Amino acid sequence: MNKTIEMMNANWNNIEILIVGAGTMGASLAQTYAQNGFNVGLLDVSNEILQRGFSTIEKELDNAKGKIFSTKEISEIRSRIIGTTSYEIACKSKYLNLVIEAATERVDIKKEIFKTLDRLCPKHTVFASNSSSLDVNILAQVTKRSDKIVWMHYFYLPHKNRAAEYAGTKTASEESKAIARKYLKLGGKIPTHIRGSRKGGVADIIFVALLLEATRMLEEGFDIPTIEQAGKQAYGIPIGFLELMDATGLPVGLYSMKSFSDSSNPNDALYKVYGNFFSPRKNYIDLINEFNETADKNSVRWIKASSQKPVVSSQKVVDELCDRFLAIGFLTSTECVDAGLITIEDLELLTQNAFLWNKGPFTLMNEIGMKRVNDVVKKREELAKKFNQNFPVCDLLKKQMGKKSGWGLYLSNVYTEKEKKNAIRRITLSNPKAANAMDNKVFEELKREFSEANDDKKCKVIIFDTAPIKTFIAGAHIPTFIERIKAKNFKAIVDDTREWQNVMFNIMTGTSKPKIAIVDGQAFGGGVEVASAFALDENTITIITNRTSYSLPETRLGIYPGLRGTLTLPQLIYRKTNDVETALALACYFILAGGVTTSSPQMIYELGLADAIIPQHKRDDAVEIISQAIIDNNGKMISKEKLNSLQFEKLSTQISFAEKRELQIATELFSQADLLPTLFAQARGFLPLHYNNEAKAFAEKVVRRVANNSPNAVWISNYLISRGFENYLNGIDNNMLAEFELEHYLQQIFEHPDALIGLEAVVKGKQAEFKRRYPM
């Protein structure tokens, strides 16, 4: 009997994404998309399996409570997931845009799944397989929508791992591939395009080969601690490859090895290259047999605590096995590039995002030198001959090993996609390992990409976006500041800041080309200033999402917002409120209290820093509609009235009563005469705060924050905000005001001891303790 399992108020009539398979990966995928705002269906063959899947989700959400999500957010995530054993129920939503199959790795089962889905799902729905080992082209052939079958490969576990691969089948349309990419991004993934439909994609070819090498080493008699240490040493990873197999599920690796080495179709593109290279070892097969026969699956592992030796055999053996792991990684990585599946640069980023390697394989080859690469590959090739194992050293690697120079690499943090026949350029800052932090390289690349877009007459709209992680932009790269302070190279800080401002206000903004800025996630420091630059620009529409928040922590770090934050913030608030006192007071509040995070996107909108609030999972739909409206307007910016009339999903812009009260108290506190002496006296209890109950507690918290921040940074920030805003009201150009700050105060702030104290504290994850206090 079919039964529907509901988590709170889910509704099958508005499901947008369906996950087939409620196992470990399927449950994680459902959680992934529910966390990102989607209504998700979960389909499997039995209620028992579904219930286990929901129990897994519950456990993961409980672990995240209070750390990643609030109780309210967890309740909302639960409400977005619904499960059933009925295909008819699962497929009935007219909004169903994507089905992701994450069933067991058996092609006969997957074929039946795709046939049934094809019969019942809406005609527009795209089907994706998450298979790590099978040829998805086979699945496309059993449907009547072969143009809508794609491969979307997520990594263990999807709700935690930010990487993903996608590819079309041989028959997939460009539109279907674009949908795959879109939903990967909206699911918080860094999507890597695989330029071919060979089974295994790219990541699993590399990863499974490394897993196989670990099992081979064990079969040869090397001990587990030595094997594990060698893997860690080779790629800078926290756990070894045997433990990774235990963590991700033992059967998965064997499925892939059997599929990759399957000789039943000698014309298979992967088998033609690798032959028996991926043939699984007997010890792995035996372990899986034990796994299948044992009721307690958790008891069957490569690494058992009771049997693990505490120390490695010797460092010499570790080094030898490390070289073998490197040889396998170099072999498979270069072959994937040589096969045209991926670029060197994309592969570098994929391995870092998916496997959490410190460095990609091509960077590693450059570091150890091509002579050593040649040595380790040749040595492993000789070993393969001994094992009668195919070892396909590709032409690309052979050619490079014959050179003295390394690989030519340019790893960019900014990339551009052209859309709608080049009418749109989407410029994306993608530096997820550093939370999209900014440095000279980032600004050089932003300058290049925005300049090209501004000069391109075919381009009617520029979209600015960032990698789909929780952080929009984390601000500037703090270690660089620390390094330059210690070297007393303050001129470099000033010169860099001047150039960054030039890029932000004269190239990224300040031009006639219409732009849309997507500010999705947490923005800190310089990230807020970038968002503010777009908000100030008359030719930019700035959209934020339900997960957007702003924080300006500079005074807590001993500095002030150096990318014109002291200028733009009061101007934006004034433009929205038309009230001088309110604009000045609230700008002082958010900067001097250093690190006060706006409590909601509605607050950001209320302050005049955004034009619309969009549900996170609907942001790209909104951007597409806005872009088309600009294109239809002959490439000219649309009015605010036109923007508000467009039909896309928007969230309420109304702030809460508590937020209204927050702004009222903040305005009163920061409008006081003799502002800084008064705030410091109130913080120390020398002057009273005329509030009661919750209002008094809030006011006390605010004045204490001001007093505990760097007195020097608070003093200079207050002066720059007040002086800059007064001069702005008197008609002085922002460029002149910014240059005054650069010439007279930026070096001064970084020379002060508080700057080093504050910046080093944040790197160490500590609260800064400033030695100097405001002179009473």
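If you count by the working numbering, then the sequence shown holds residues -17 to 758, one letter each, in order. Glycine included, each C-beta is placed from N, C-alpha and C at the ideal position. None of these values were measured; they are calculated from a predicted model.
Same chain, Cβ closer than 7 Å to residue i, five either side skipped, listed in chain order
i, result
"HIS599", "ASN18, GLY19, PHE20 and LEU168"
"SER759", "This structure cannot settle anything about residue 759, because the visible part of the chain is limited to -17 through 758."
"ALA122", "SER128, ILE131, THR151 and THR153"
"GLY492", "ASP519"
"THR314", "ILE187, ILE188 and ALA191"
"VAL293", "PRO207"
Closest residue to residue i among the options (Cα-Cα distance)
i, options, result
"LYS440", "LYS402, PRO461, ILE475 and ASP357", "LYS402"
"GLY547", "GLU723, GLN584 and GLY617", "GLU723"
"ALA640", "THR448, GLU676, ARG127 and ASN348", "GLU676"
"TYR397", "GLU431, ASN335, ILE406 and LEU378", "GLU431"
"ALA435", "ARG408, ALA458, LEU661 and PRO450", "ARG408"
"ASN716", "ARG686, MET486 and ALA594", "MET486"
"ARG60", "TYR77, ILE39, ASN45 and ASN79", "ILE39"
"LEU116", "GLU87, VAL124, PRO104 and HIS106", "GLU87"
"GLU83", "ASN335, ILE(-1) and ASN413", "ILE(-1)"
"ALA145", "ALA449, GLY235, LYS159 and ILE71", "ALA449"
"ALA110", "PRO104, GLU157 and VAL118", "VAL118"
"PHE425", "GLY457, THR453 and LYS400", "GLY457"
"GLY761", "GLU42, LYS353 and MET199", "The question about residue 761 has no answer, for the chain in this structure spans -17 to 758."
"ASN521", "SER37, PHE446 and PHE96", "PHE446"
Residue burial classification, residue i (beta-carbon count within 10 angstroms, cutoff 16)
i, result
"GLY203", "exposed"
"LEU331", "buried"
"LYS92", "buried"
"GLY822", "Any property of residue 822 remains undetermined from this structure, which presents the chain solely from -17 to 758."
"PHE668", "exposed"
"THR760", "Nothing about residue 760 can be read from this structure; the chain reaches only from -17 to 758."
"ASP519", "buried"
"GLY740", "buried"
"TYR392", "exposed"
"LYS497", "buried"
"ALA679", "exposed"
"ALA277", "exposed"
"GLN297", "exposed"
"ASN(-5)", "exposed"
"SER241", "buried"
"THR325", "exposed"
"MET718", "exposed"
"LYS753", "exposed"
"HIS734", "buried"
"HIS726", "exposed"
"HIS135", "buried"
Sequence-distant residues of the same chain with beta carbon closer than 6 Å to residue i, five excluded per side
i, result
"MET758", "Residue placement at MET758 is poorly supported in this model, since its pLDDT is 33, which falls under 50; the coordinates are not used for a value here."
"THR174", "GLU147, ASP328 and LEU332"
"ALA12", "ILE1, VAL22, LEU24 and ILE63"
"TYR138", "THR230"
"GLU751", "none"
"GLU272", "VAL282"
"GLY590", "LEU554, ILE555, ARG557 and LYS558"
"ARG180", "ALA251 and LEU252"
"GLY577", "SER533, PRO535 and ARG538"
Sequence-distant residues of the same chain with beta carbon closer than 8 Å to residue i, five excluded per side
i, result
"SER261", "MET239, SER243 and GLN371"
"ILE285", "ILE206, GLU210, LEU224, GLU225 and ASP228"
"GLY35", "ALA4, GLY5, GLY8, ALA9, ALA12, LEU24, ASP26 and GLY65"
"LEU236", "PRO262, TYR266, ILE267 and ILE270"
Residue i beta carbon near the ligand COA (any heavy atom closer than 7 Å)
i, result
"PHE668", "What this structure holds is no ligand at all, so the ligand COA is not there to describe."
- Query: Taking only runs of the alpha helix (DSSP H) that begin and end inside the region 205 to 239, which ones reach a length of at least 4 residues, in chain order?
  - Reply: Entirely contained in the region 205 to 239, the alpha helix (DSSP H) runs reaching 4 residues are, in chain order, 206 to 217 and 223 to 230.
- Would the region 369 to 385 and the region 250 to 261 be scored as touching if the rule is three or more Cβ pairs under 8 Å? Per the Cβ contact rule, the region 369 to 385 is in contact with the region 250 to 261 (3 or more Cβ pairs under 8 Å).
- Task: Could you tell me whether the region 293 to 305 touches the region 207 to 219, where touching means 3 or more Cβ pairs closer than 8 Å?
- Result: yes
- Query: Can at least three beta-carbon pairs, one atom from the region 512 to 528 and one from the region 583 to 590, be found at a separation below 8 Å?
  - Reply: Per the Cβ contact rule, the region 512 to 528 is in contact with the region 583 to 590 (3 or more Cβ pairs under 8 Å).
- Query: Is the region 604 to 620 touching the region 565 to 573 in the sense that three or more CB pairs, one from each, lie closer than 8 Å?
  - Reply: no
- Task: Return the chain-ordered ranges of every alpha helix (DSSP H) run that is complete within the region 434 to 498 and spans a minimum of 4 residues.
- Result: 460 to 468 and 472 to 485
- What are the complete beta strand (DSSP E) segments, minimum 3 residues, inside the region 492 to 554? 497 to 501, 504 to 506, 522 to 527 and 531 to 533
- Could you tell me whether the region 466 to 481 touches the region 404 to 420, using the rule of 3 or more Cβ pairs below 8 Å? no
- Item | Given 8 Å, three or more beta-carbon pairs between the region 548 to 558 and the region 492 to 506 | no
- Query: In chain order, which continuous runs of the alpha helix (DSSP H) of length 4 or greater are located wholly inside the region 132 to 186?
  - Reply: 156 to 168
- Which ranges does the beta strand (DSSP E) cover as unbroken runs of at least 3 residues, wholly within the region 60 to 100, from first to last along the chain? 63 to 66 and 80 to 83
- Could you name each continuous alpha helix (DSSP H) segment of 4 residues or more that falls completely within the region 343 to 368, going from the start of the chain to the end? 343 to 350
- Take every Cβ of the region 688 to 702, pair it with every Cβ of the region 556 to 566, and state whether three or more of those distances are shorter than 8 Å. no
- Indicate whether the contact test is met: 3 or more Cβ pairs, each with one atom in the region 185 to 197 and one in the region 306 to 317, closer than 8 Å. yes
- Write down every uninterrupted run of the alpha helix (DSSP H) in the region 693 to 744 whose length is 4 residues or greater and which is fully enclosed by it, in chain order. 693 to 711, 716 to 723 and 729 to 733
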